[in-house]
Amino acid sequence: MDLLNQYLIPHFNYWAYVILMMIGMHAMIVKNNLIKKLIGMSIFQTAIILFYVSIGVKEGADIPVLHHHAPEVAESHTPAADPHHAVDPDHYANPLPHVLMLTAIVVGVSTLGMALAISQSIYKDFDTLEENEILAKIKQGGPGIDV
Amino acid sequence: MSEQLPAILLVAPLFGALLIGVASPGDPRRAFPIVLLSLSISLAATVALLTKVVSSGPVDYFLGGWAEPLGIGIQLRVDGINALILVFIALIGLLTAIFSYRGPDDGEPTDKAPLFYILYLLLCVGLLGITITGDAFNVFVLVEIASLTSYGLVAMGSSPRGTLAAFNYIIMGTIGASFYLLGVGYLYMRTGALNMAQIHSLIALPEVAASQTILVAFLLILVGVWIKMAFFPLYGWLPNAYTYCPSGASGILAPLVTKVSVYVMIRVMLSVFGAGWVFQSAGWSQTVVWLAVIAILAGSFIALAQVELKKMLSYLIVAEVGYMVGGAWLANHWGMVGAIYHILADAAMTLCLFLAANIFVKHAGGGRIDRLEGLFRRMPVVAGAFVVGALSMIGVPPTGGFFSKWYLIRGGIEAGQWPFVAALILSSLVNAVLFFRIFEVAHFGRKPADGHHHHPPHADGEPSPEQQGTIGETTGSDRKPRLTAVAPLVAAAALVLLVGIFSGPIVEIIRGALQGMPHVGAAAPLIGR
Numbered sequence: 211m212d213l214l215n216q217y218l219i220p221h222f223n224y225w226a227y228v229i230l231m232m233i234g235m236h237a238m239i240v241k242n243n244l245i246k247k248l249i250g251m252s253i254f255q256t257a258i259i260l261f262y263v264s265i266g267v268k269e270g271a272d273i274p275v276l277h278h279h280a281p282e283v284a285e286s287h288t289p290a291a292d293p294h295h296a297v298d299p300d301h302y303a304n305p306l307p308h309v310l311m312l313t314a315i316v317v318g319v320s321t322l323g324m325a326l327a328i329s330q331s332i333y334k335d336f337d338t339l340e341e342n343e344i345l346a347k348i349k350q351g352g353p354g355i356d357v
Numbered sequence: 059m060s061e062q063l064p065a066i067l068l069v070a071p072l073f074g075a076l077l078i079g080v081a082s083p084g085d086p087r088r089a090f091p092i093v094l095l096s097l098s099i100s101l102a103a104t105v106a107l108l109t110k111v112v113s114s115g116p117v118d119y120f121l122g123g124w125a126e127p128l129g130i131g132i133q134l135r136v137d138g139i140n141a142l143i144l145v146f147i148a149l150i151g152l153l154t155a156i157f158s159y160r161g162p163d164d165g166e167p168t169d170k171a172p173l174f175y176i177l178y179l180l181l182c183v184g185l186l187g188i189t190i191t192g193d194a195f196n197v198f199v200l201v202e203i204a205s206l207t208s209y210g211l212v213a214m215g216s217s218p219r220g221t222l223a224a225f226n227y228i229i230m231g232t233i234g235a236s237f238y239l240l241g242v243g244y245l246y247m248r249t250g251a252l253n254m255a256q257i258h259s260l261i262a263l264p265e266v267a268a269s270q271t272i273l274v275a276f277l278l279i280l281v282g283v284w285i286k287m288a289f290f291p292l293y294g295w296l297p298n299a300y301t302y303c304p305s306g307a308s309g310i311l312a313p314l315v316t317k318v319s320v321y322v323m324i325r326v327m328l329s330v331f332g333a334g335w336v337f338q339s340a341g342w343s344q345t346v347v348w349l350a351v352i353a354i355l356a357g358s359f360i361a362l363a364q365v366e367l368k369k370m371l372s373y374l375i376v377a378e379v380g381y382m383v384g385g386a387w388l389a390n391h392w393g394m395v396g397a398i399y400h401i402l403a404d405a406a407m408t409l410c411l412f413l414a415a416n417i418f419v420k421h422a423g424g425g426r427i428d429r430l431e432g433l434f435r436r437m438p439v440v441a442g443a444f445v446v447g448a449l450s451m452i453g454v455p456p457t458g459g460f461f462s463k464w465y466l467i468r469g470g471i472e473a474g475q476w477p478f479v480a481a482l483i484l485s486s487l488v489n490a491v492l493f494f495r496i497f498e499v500a501h502f503g504r505k506p507a508d509g510h511h512h513h514p515p516h517a518d519g520e521p522s523p524e525q526q527g528t529i530g531e532t533t534g535s536d537r538k539p540r541l542t543a544v545a546p547l548v549a550a551a552a553l554v555l556l557v558g559i560f561s562g563p564i565v566e567i568i569r570g571a572l573q574g575m576p577h578v579g580a581a582a583p584l585i586g587r
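Chains D and Y, in that order, are what the protein sequence lines are. Residue numbering for the first sequence follows the numbering used here, beginning at 211 and increasing consecutively. Residue numbering for the second sequence follows the numbering used here, beginning at 59 and increasing consecutively.
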């Protein structure tokens, strides 16, 4: 119970990302089929995206947009300062980790696209996507394979 | 104009790549001048930037003018160390571009050539960007640009094994980049900054420096860049990728990709975490130096067991990475100077050896070392350049390889890391054995006469009938290597010698940059002597 309250529940987002990441890594290393390896790779990258998104989350926070013409919001947050320029970072969710992840998603998509294109070309060359069969074919040699 | 140099050197190849895509999607003859022009602009900008840095100190550049306090601008920072590396990247990019005048595989120009040039230029953008950027997240993006283009270049060859190597490279490369990204995430959690200088100023605070989060971030980043640089236990992707990729691609991947990753490690150690923080615990540097010793010995001895020329050279890269990681982790001034100088020297000699090996492999009709018989006499110029590169690998003065070993061994002795010193010397001896074996086969071996297929049949390397056909063709019709292949090779050999001859001024620039680092702090006696 102590373990649950101290380590698991307050840090559940980290546990979730670590478990997902390990599932992905396991698939990347252990699976024999190249497409399953790529599925693992996607899970692995998505786990990191979840990590970044979760560190930007704040309970009850506002979206990071200036409320120039909403006096009641500005007053409740920083009553003393000029409502048009007052930004109290404590009340806003940090947008930066989420924005960074847009870039990481783009990178992940391009990596996956590249990897799928290469798997297609491997299938053309070897007629299979199972790693052990490909390695066996390389060992036997064949036209164009023993370079 | 001159304050825009850091942007120009990145923008020129980027727009070159776009221009090829727009203007000449199917025409290699029109694509090549664009490659040449954009890389020449880039090279001129890097040289101008180096002279500026040497005369008036480090240059800071904020992209779009968004300066630091807002925290959203991307900073480019150039000091003496990365100015030198930028010059080498642009120069090697230009030389290998000339080498691959006919497209990726050095054969007849095909419709693949423009696509090859696009990837090639984007790879140059990635490598230059990794070296110049002062933003930790930006490094990740540029590493991925360089990696994605590398995967494409490796897969572009005609060998099916190259495609499989590219797939394994993707898996390993993605794990490496993801670990780096995760490390940057932990750094951001604790410091709230992505700019390297800002992160550093926050890590200098004692309560941040003591934080577990920072330690985890450092370990994740370290493992990430070790995968990217093929540090010994994590080298699995490298040998096949560099052996089976097209010759034009291996000419830029082999000299630059691992070296730039080593620079990322040194940059992270010195300007993000700071030498004082990194070397605070002596046990760490001891452990990493031991890992480097294992990397050097393993790389050298596995290289000794190889029968294919390019695969042997690839394992030597694994050993050389051990030199640089070990040197950087000796935690003293000369070790760091040696590691940084070796980035340059190793880039030059790897370029020289890989270009020569590509020419040899093409003309010998196969990659095996025993096929090289008599090639030295048929191609004396290529042989001469290969010998220069090999002597540098062995560490014979006046080549660059001698001076980098000199500084590394000096650092190792000062740090009392005798296993590292012994590994360096042993690796030189192994390199000597390796290259003299090749010299023997290639120079004293039988000259291939009409019956040059009388090799004893090898169970695994027996050439198929159609391969024998192409051997006959290449040795018959294409006896002399082309000028566009030999000229960059000769320039590369000259570069190996010049790095050695001008080692004094280069080392002075590196030492000046180390001393000029504003953040040396507690580690001043270690790094900035």
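We put the CB at the ideal spot given by N, CA and C, even for glycine.
Verify whether the separation of the beta carbon atoms of residue i and residue j is less than 9 angstroms.
i, j, result
"Y/GLY393", "Y/TYR300", "no"
"D/MET324", "Y/LEU206", "yes"
"Y/GLY151", "Y/LEU101", "yes"
"Y/ILE176", "Y/ILE78", "yes"
"Y/THR408", "Y/VAL557", "no"
"Y/TYR321", "Y/ASN489", "no"
"D/MET238", "Y/THR345", "no"
"Y/ALA350", "Y/ALA551", "no"
"Y/GLY243", "Y/ALA275", "yes"
"Y/GLY334", "Y/ILE279", "no"
"Y/CYS182", "Y/LEU95", "no"
"Y/PHE198", "D/ALA257", "no"
"Y/TYR41", "Y/GLY332", "Given that chain Y is displayed from residue 59 to residue 587, the structure contains no residue 41 of chain Y and the question cannot be resolved."
"Y/THR542", "Y/PHE157", "yes"
"Y/GLY309", "Y/LEU492", "no"
The alpha helix (DSSP H) with residue i in it runs from where to where?
i, result
"D/ASP335", "306–336"
"Y/GLN62", "Counting along the chain, Y/GLN62 falls outside any alpha helix (DSSP H), and DSSP gives it neither H nor E."
"Y/PRO546", "541–559"
"Y/TYR373", "367–386"
"Y/HIS400", "391–422"
"Y/ILE285", "270–287"
"Y/SER113", "86–114"
"Y/TYR178", "170–190"
"Y/THR457", "Neither: Y/THR457 is in no alpha helix (DSSP H) and is coded neither H nor E."
If you follow the beta strand (DSSP E) that residue i is part of, which residue opens it and which one closes it?
i, result
"Y/ASP118", "117–120"
"Y/GLN133", "133–136"
So, for residue i: in the same chain, excluding its five sequence neighbours on each side, which residues have a beta-carbon less than 7 angstroms away from its beta-carbon?
i, result
"Y/GLY220", "VAL212, ALA213, TYR302 and CYS303"
"Y/LEU200", "GLY184, GLY187, ILE188 and THR191"
"D/TYR224", "none"
"Y/VAL111", "VAL117, VAL136, ASP137, GLY138 and ALA141"
"Y/ALA473", "LEU388, ALA389, ASN390 and GLY393"
What residues in its chain sit with their C-beta under 8 angstroms from that of residue i, if we drop five residues either side in the sequence?
i, result
"D/HIS221", "none"
"Y/SER486", "ILE452, GLY453 and LYS463"
What's the call for residue i, buried or exposed, on a 16-neighbour Cβ count within 10 Å?
i, result
"Y/ASN253", "buried"
"Y/TRP295", "buried"
"Y/ALA194", "buried"
"Y/GLN256", "buried"
"Y/ARG135", "buried"
"D/ASP272", "exposed"
"Y/HIS421", "buried"
"Y/PRO264", "exposed"
"D/ASP300", "exposed"
"Y/PHE289", "buried"
At a threshold of 8 angstroms, does residue i count as lining the ligand SAH (C-beta to nearest heavy atom)?
i, result
"D/LEU322", "Here there are no bound small molecules, and the ligand SAH is not part of this structure."
Kindly list the residues whose CB is nearer than 6 angstroms to the CB of residue i, restricted to its own chain and excluding five residues on each side of it in sequence; keep chain order.
i, result
"Y/HIS400", "TYR381, MET382 and SER462"
"Y/VAL69", "none"
"Y/TRP284", "LEU292"
"Y/GLU202", "ALA235"
"Y/LEU63", "ALA103, ALA106 and LEU107"
"Y/GLU378", "ASP404"
Margin query: Contact between the region 130–149 of chain Y and the region 332–342 of chain D is defined here as three or more beta-carbon pairs at a separation below 8 angstroms; is this criterion met?
Written below: Segments in contact, no.
Check: Is the region 341–360 of chain Y touching the region 432–448 of chain Y, taking contact as three or more C-beta pairs under 8 angstroms?
Finding: No, they do not touch.
Note to self: Contact between the region 374–393 of chain Y and the region 465–481 of chain Y is defined here as three or more beta-carbon pairs at a separation below 8 angstroms; is this criterion met?
What the structure shows: Yes: at least three Cβ pairs fall under 8 angstroms.
Check: Any chance the region 436–455 of chain Y sits against the region 408–425 of chain Y, with 3 or more Cβ pairs inside 8 angstroms?
Finding: Cβ pair count under 8 angstroms is three or more, so yes.
Item checked: Contact set between the region 217–230 of chain Y and chain C, restricted to residues whose Cβ is under 7 angstroms from the partner -> In summary, chain C is missing from the structure at hand, where the protein chains are D and Y.
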